[in-house]
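Undergrad:
There are 2 protein chains.
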Amino acid sequence: MTAPRPGARRPDGYDPHAFEPFAVTVDLAVFTVREERLQVLLVQRGQEPYQGAWALPGGFVLPRESAGQAARRELAEETGLSDTTVAHLHLEQLRTYSDPDRDPRMRVVSVAYTALVPDLPEPRGGGDAAHAQWLPHGTYGPLAFDHDAILADAHERVGAKLEYTCLATAFCPPEFTLGELRQVYETVWGVELDRPNFRRKVLTTPGFVQAVEGPPRLTGGRGKPAALYRAGEATALHPPLLRPEGRQK
Amino acid sequence: MTAPRPGARRPDGYDPHAFEPFAVTVDLAVFTVREERLQVLLVQRGQEPYQGAWALPGGFVLPRESAGQAARRELAEETGLSDTTVAHLHLEQLRTYSDPDRDPRMRVVSVAYTALVPDLPEPRGGGDAAHAQWLPHGTYGPLAFDHDAILADAHERVGAKLEYTCLATAFCPPEFTLGELRQVYETVWGVELDRPNFRRKVLTTPGFVQAVEGPPRLTGGRGKPAALYRAGEATALHPPLLRPEGRQK
DNA sequence: ACAAAAGTGTTACGCATACACCCATGC
DNA sequence: GCATGGGTGTATGCGTAACACTTTTGT
Numbered sequence: 091m092t093a094p095r096p097g098a099r100r101p102d103g104y105d106p107h108a109f110e111p112f113a114v115t116v117d118l119a120v121f122t123v124r125e126e127r128l129q130v131l132l133v134q135r136g137q138e139p140y141q142g143a144w145a146l147p148g149g150f151v152l153p154r155e156s157a158g159q160a161a162r163r164e165l166a167e168e169t170g171l172s173d174t175t176v177a178h179l180h181l182e183q184l185r186t187y188s189d190p191d192r193d194p195r196m197r198v199v200s201v202a203y204t205a206l207v208p209d210l211p212e213p214r215g216g217g218d219a220a221h222a223q224w225l226p227h228g229t230y231g232p233l234a235f236d237h238d239a240i241l242a243d244a245h246e247r248v249g250a251k252l253e254y255t256c257l258a259t260a261f262c263p264p265e266f267t268l269g270e271l272r273q274v275y276e277t278v279w280g281v282e283l284d285r286p287n288f289r290r291k292v293l294t295t296p297g298f299v300q301a302v303e304g305p306p307r308l309t310g311g312r313g314k315p316a317a318l319y320r321a322g323e324a325t326a327l328h329p330p331l332l333r334p335e336g337r338q339k
Numbered sequence: 091m092t093a094p095r096p097g098a099r100r101p102d103g104y105d106p107h108a109f110e111p112f113a114v115t116v117d118l119a120v121f122t123v124r125e126e127r128l129q130v131l132l133v134q135r136g137q138e139p140y141q142g143a144w145a146l147p148g149g150f151v152l153p154r155e156s157a158g159q160a161a162r163r164e165l166a167e168e169t170g171l172s173d174t175t176v177a178h179l180h181l182e183q184l185r186t187y188s189d190p191d192r193d194p195r196m197r198v199v200s201v202a203y204t205a206l207v208p209d210l211p212e213p214r215g216g217g218d219a220a221h222a223q224w225l226p227h228g229t230y231g232p233l234a235f236d237h238d239a240i241l242a243d244a245h246e247r248v249g250a251k252l253e254y255t256c257l258a259t260a261f262c263p264p265e266f267t268l269g270e271l272r273q274v275y276e277t278v279w280g281v282e283l284d285r286p287n288f289r290r291k292v293l294t295t296p297g298f299v300q301a302v303e304g305p306p307r308l309t310g311g312r313g314k315p316a317a318l319y320r321a322g323e324a325t326a327l328h329p330p331l332l333r334p335e336g337r338q339k
């Protein structure tokens, strides 16, 4: 077991018979905050295995593209958004899932990505029934393949990243209120935050958000009109904004 | 661009001609703290491309193993340690590197792993010159392939994880002093920490370390003998131990 | 005696928490 | 008026930073 097997170690060169072909795919865990709930983009499988079950959108990595390029291409296809719109969305590699039996048909190694999108009109433009749609997180049965595990990892990652990055703005439209931003945290973390303290934390963090000058206020329903902000330049958050009673695992 | 291409989307089934064979490998970024320096396990390439350059150890994922199993197998091979010893080392998936041109010979998708090991006797037991050896971080020329980028990502990840996990104990032998543990932080972060404050932080965090009862003290050279500790049960660190002036990127 | 490292104690400050309170709008 | 959400102010407490001091070894 410990002895090197000739042909399987890279530094000694490639033996074309030392490996079987692997399929490499990407899977997407796409989140949005919509109607005060965390929603996930899913597709319904049309054939075996797992026919009828919900699954994460995804597809093959093409011969001349990186996994990241494949993920963004698939994201554009599944959401029906323009390439330029998708180019600005937050897309981040999660991790790679490589269990030999994760797909019963063949050996598939999948690089999972997490995407955060604002509350878009609707997933797709066409009427294609096989396309992806939003489902509130946790309201679907078991997902196909190992997608439940992928989605759980993605949710945990997103929740953790809200603590020490400015990532929450990725869930918001270009201009947003602090109430909307706070809604993101509360929805992803499943907790309530103190409004005054949240406001201070965000406004005193340099580069988290920047005030929109022109119209100093706008309404989202009833209540006092709120000031509008844009995402700032900063990406990190020091010190972090820890979730209350934060035990993450 | 936005239209679905038949055969490339997974939910519509597998087209055996929709993809070319990808080779899937693992690369290992193995760190240790040794002689008050951060050291990296590297191998010297024996042939083109990048002949003579240092590279991360790694190898192919075999048809019936996961990437994680492949990483642990390679770690055992490169370090020459027994499988049971390697089974207890901290090994963690970093991310996957999939640029189509990252290897000039063929399409190789590599799942990178980060391993943290204590100050081991010497990397290997045999006399094989082609085996891996420790080099102080930053003292080698440019690495082969995209391994400089992988190693930089790994270093950043390890530094960040020390902030909010109990991972530092993975660099230490089974029993260690608080001075040794502090040395880990100082070496990885490249800063000096206040000894009394570090001590308090570690001891007041439940489950970070646990005191070794029997012999209450032991020496590591000159100075007052220090108490010994073992790694505790906890994995997370709340609140985190932030590095001074912590700008991580 | 001196240096070096472990261990204890103390103070000050920053930040987060937990409130109380006022403002502006829709109904 | 009342409910709802935005915005401001303030007291309290925890945790870290900074630093002084004692203890115990090797040389």
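From first to last, the protein sequence lines are chains A and B.
The first sequence lines up with residues 91 to 339 when you count with our numbering.
The second sequence lines up with residues 91 to 339 when you count with our numbering.
All C-beta atoms in this analysis are idealised placements derived from N, C-alpha and C, irrespective of residue type, glycine included.
Report the start-end ranges of each beta strand (DSSP E) in the segment 216 to 255 of chain B that is 3 residues or longer and not cut off at the edges.
TA: Qualifying beta strand (DSSP E) stretches, in chain order: 223 to 226.
Undergrad: Since I believe A/T259 is in contact with A/V199 (beta carbons under 8 Å), could you give me their beta-carbon distance rounded to a whole number of angstroms?
TA: Looking up residue 199 of chain A in the first sequence gives position 109. Looking up residue 259 of chain A in the first sequence gives position 169. Rounded, the Cβ-Cβ distance is 32 Å, inconsistent with contact.
Undergrad: Cβ closer than 9 Å: which chain B residues qualify as neighbours of A/V130?
TA: Position 40 of the first sequence, counting from 1, holds the residue named residue 130 of chain A. Result: empty, since nearest Cβ-Cβ is about 16 Å, beyond 9 Å.
Undergrad: Can you look up A/T325 in the DSSP assignment and give me helix, strand or coil?
TA: If you number the first sequence from 1, residue 325 of chain A lands on position 235. Note: A/T325 maps to coil in three-state DSSP.
Undergrad: Would you say B/P232 faces chain A, with C-beta separation under 8 Å as the test?
TA: Within the second sequence, numbered from 1, the residue matching residue 232 of chain B stands at position 142. By this cut-off, B/P232 is not an interface position.
Undergrad: Tell me which residues share the same chain as A/V123 and place their Cβ nearer than 6 Å to its Cβ, disregarding the 5 neighbours each side in the sequence.
TA: Locating residue 123 of chain A in the first sequence gives position 33, counting from the first residue. Excluding sequence neighbours, A/V123 sits near F261, V274, T277.
Undergrad: Can you list, in chain order, the residues of its chain whose CB lies under 7 Å from that of A/R320, leaving out five sequence neighbours each side?
TA: As a working mapping, residue 320 of chain A is identified with position 230 in the first sequence. The answer, listed in chain order, is P264, E265, V299, Q300, V302.
Undergrad: So B/L146 packs on B/A166, CB below 8 Å; how close in whole Å?
TA: The residue given as residue 146 of chain B occupies position 56 in the second sequence. The residue given as residue 166 of chain B occupies position 76 in the second sequence. So it is not a contact: roughly 16 Å between Cβ atoms.
Undergrad: Residues in its own chain within less than 8 Å of A/A143 by CB, not counting five upstream and five downstream?
TA: Taking the first sequence and counting its residues from 1, one reaches residue 143 of chain A at position 53. The residues are Q134, R135, G231, P232, L233, A234.
Undergrad: Take A/G229 as the anchor and find which of A/L131, A/T115, A/V114 has the nearest alpha-carbon.
TA: Translated into the one-based positions of the first sequence, residue 229 of chain A becomes position 139. It is worth fixing the name first, because residue 229 of chain A is Thr in this sequence and not Gly. Among A/L131, A/T115, A/V114, the Cα nearest to that of A/T229 belongs to A/L131.
Undergrad: Distance check for B/P153 and A/H328, CA to CA, integer angstroms please.
TA: Indexing the first sequence from 1 puts residue 328 of chain A at position 238. Indexing the second sequence from 1 puts residue 153 of chain B at position 63. Straight-line Cα distance between these residues: approximately 44 Å.
Undergrad: Determine whether the Cβ of A/R247 lies closer than 8 Å to any Cβ atom of chain B.
TA: As a position in the first sequence, residue 247 of chain A is number 157, starting the count at 1. No, its Cβ sits nowhere closer than 8 Å to a Cβ of chain B.
Undergrad: With a Cβ-Cβ cutoff of 8 Å, do B/T204 and B/V151 count as a contact?
TA: Along the second sequence, one-based indexing puts residue 204 of chain B at 114. Along the second sequence, one-based indexing puts residue 151 of chain B at 61. Cβ distance not < 8 Å, so B/T204 and B/V151 don't count as in contact.
Undergrad: Name the DSSP bridge partner or partners of B/S200?
TA: Taking the second sequence and counting its residues from 1, the one referred to as residue 200 of chain B is at position 110. B/S200 pairs with B/T115, B/Y187.
Undergrad: Give every residue of the same chain whose Cβ lies closer than 8 Å to the Cβ of A/T255, excluding the five residues on either side of it in the sequence, and list them in chain order.
TA: For the purposes of this step, residue 255 of chain A is taken as residue 165 along the first sequence, with counting starting at 1. Cβ neighbours of A/T255 beyond the five flanking positions: T325, A326, L327.
Undergrad: Just to confirm the assignment: which complete beta strand (DSSP E) runs, minimum length 3, are found wholly within the segment 268 to 321 of chain B?
TA: If we require 3 residues or more, the beta strand (DSSP E) runs fully inside the segment 268 to 321 of chain B come out as 299 to 301, 319 to 321.
Undergrad: Measure the CB-CB distance between B/R272 and B/R285 and report whether it falls below 8 Å.
TA: The count along the second sequence starts at 1 and reaches residue 272 of chain B at position 182. The count along the second sequence starts at 1 and reaches residue 285 of chain B at position 195. Against a cut-off of 8 Å, the Cβ pair of B/R285 and B/R272 comes out as a contact.
Undergrad: Cα separation between A/D117 and B/S156?
TA: Sequence index remark: in the first sequence, residue 117 of chain A carries index 27 (1-based). Sequence index remark: in the second sequence, residue 156 of chain B carries index 66 (1-based). Rounded to the nearest angstrom, the two C-alpha atoms are 17 Å apart.
Undergrad: Report the start-end ranges of each beta strand (DSSP E) in the segment 122 to 149 of chain A that is 3 residues or longer and not cut off at the edges.
TA: Runs found: 127 to 134.
Undergrad: Check whether the Cβ atoms of A/P194 and A/P111 sit closer than 8 Å, and answer yes or no.
TA: Here residue 194 of chain A refers to the residue found at position 104 of the first sequence. Here residue 111 of chain A refers to the residue found at position 21 of the first sequence. For A/P194 and A/P111, no; Cβs fall outside 8 Å.
Undergrad: Alpha carbon to alpha carbon, what distance is there between A/T267 and B/A177?
TA: What you label residue 177 of chain B is simply residue 87 of the second sequence in a count that begins at 1. What you label residue 267 of chain A is simply residue 177 of the first sequence in a count that begins at 1. Going from the Cα of B/A177 to the Cα of A/T267 covers about 50 Å.
Undergrad: I'd like to know whether the C-beta of B/A324 is nearer than 8 Å to at least one C-beta of chain A.
TA: Here residue 324 of chain B corresponds to residue number 234 of the second sequence, with the count starting at 1. Output row for B/A324: interface = no.
Undergrad: From A/P296, A/P334, A/L171, A/T115, pick the residue whose C-alpha is nearest to that of A/A160; which is it?
TA: In the first sequence, the residue the question calls residue 160 of chain A occupies position 70. Checked all of A/P296, A/P334, A/L171, A/T115; the closest Cα to A/A160 is A/T115.
Undergrad: Which same chain residues, not among the five before or five after B/M196, have their C-beta less than 7 Å away from its C-beta?
TA: Numbered from 1 along the second sequence, position 106 holds the residue referred to as residue 196 of chain B. Cβ neighbours of B/M196 beyond the five flanking positions: A113.
Undergrad: The alpha helix (DSSP H) that contains B/D71, what's its start and end?
TA: Residue coverage of chain B in this structure runs from 91 to 339, which leaves residue 71 of chain B outside it and unanswerable.
Undergrad: B/L152 by DSSP, collapsed to three states: which one?
TA: Counted from its first residue, the second sequence places residue 152 of chain B at position 62. Note: B/L152 maps to coil in three-state DSSP.
Undergrad: Within a Cβ cutoff of 6 Å, which residues of the same chain sit near A/L206, ignoring the five residues on either side of it in sequence?
TA: Residue 206 of chain A sits at position 116 when you count from the first residue of the first sequence. Counting only Cβ-Cβ distances below 6 Å, and skipping sequence neighbours, we find F121, H180, A260, F261.
Undergrad: For the alpha helix (DSSP H) holding B/G158, just list the boundary residues, first then last.
TA: To locate residue 158 of chain B, count along the second sequence from 1; it is residue 68. Where B/G158 is concerned, the enclosing alpha helix (DSSP H) stretches over 157 to 169.
Undergrad: Cα separation between A/D236 and A/Y187?
TA: The residue given as residue 236 of chain A occupies position 146 in the first sequence. The residue given as residue 187 of chain A occupies position 97 in the first sequence. Going from the Cα of A/D236 to the Cα of A/Y187 covers about 8 Å.
Undergrad: Quick check on B/L331: does DSSP put it in helix, strand or coil?
TA: Indexing the second sequence from 1 puts residue 331 of chain B at position 241. Looking at B/L331 - three-state DSSP - the assignment turns out to be coil, as it is neither helix nor strand.
Undergrad: Identify whether B/T92 lies in helix, strand or coil by the three-state DSSP scheme.
TA: Taking the second sequence and counting its residues from 1, the one referred to as residue 92 of chain B is at position 2. Residue placement at B/T92 cannot be trusted, given a pLDDT of 37 that sits under 50; what the coordinates show is reported in the next sentence. Note: B/T92 maps to coil in three-state DSSP.
Undergrad: Looking only at its own chain, which residues have a Cβ that is under 6 Å from the Cβ of A/Q345, when we skip the five neighbours before and after it?
TA: Since the first and last residues shown for chain A are 91 and 339, residue 345 of chain A lies out of range.
Undergrad: Closer than 8 Å by C-beta to B/G215: which residues in its own chain qualify, once you throw out the five before and the five after it? Chain order, please.
TA: Stepping through the second sequence from its first residue, residue 215 of chain B is reached at position 125. Only weak support is given to the placement of B/G215: the predicted model assigns it a pLDDT of 48, under 50, and the value that follows is read from those uncertain coordinates. So the list reads G170, once near-sequence residues are dropped.
Undergrad: Excluding sequence positions up to five away, which residues of its chain have a Cβ less than 7 Å from the Cβ of A/D173?
TA: Taking the first sequence and counting its residues from 1, one reaches residue 173 of chain A at position 83. Around A/D173: A166.
Undergrad: Using a Cβ-Cβ distance cut-off of 8 Å, determine whether B/V201 contacts chain A.
TA: Walking along the second sequence from the start, residue 201 of chain B turns up at place 111. Interface residue, yes.
Undergrad: B/F266 bridges to which residues according to DSSP?
TA: To locate residue 266 of chain B, count along the second sequence from 1; it is residue 176. B/F266 is bridged to B/Y319.
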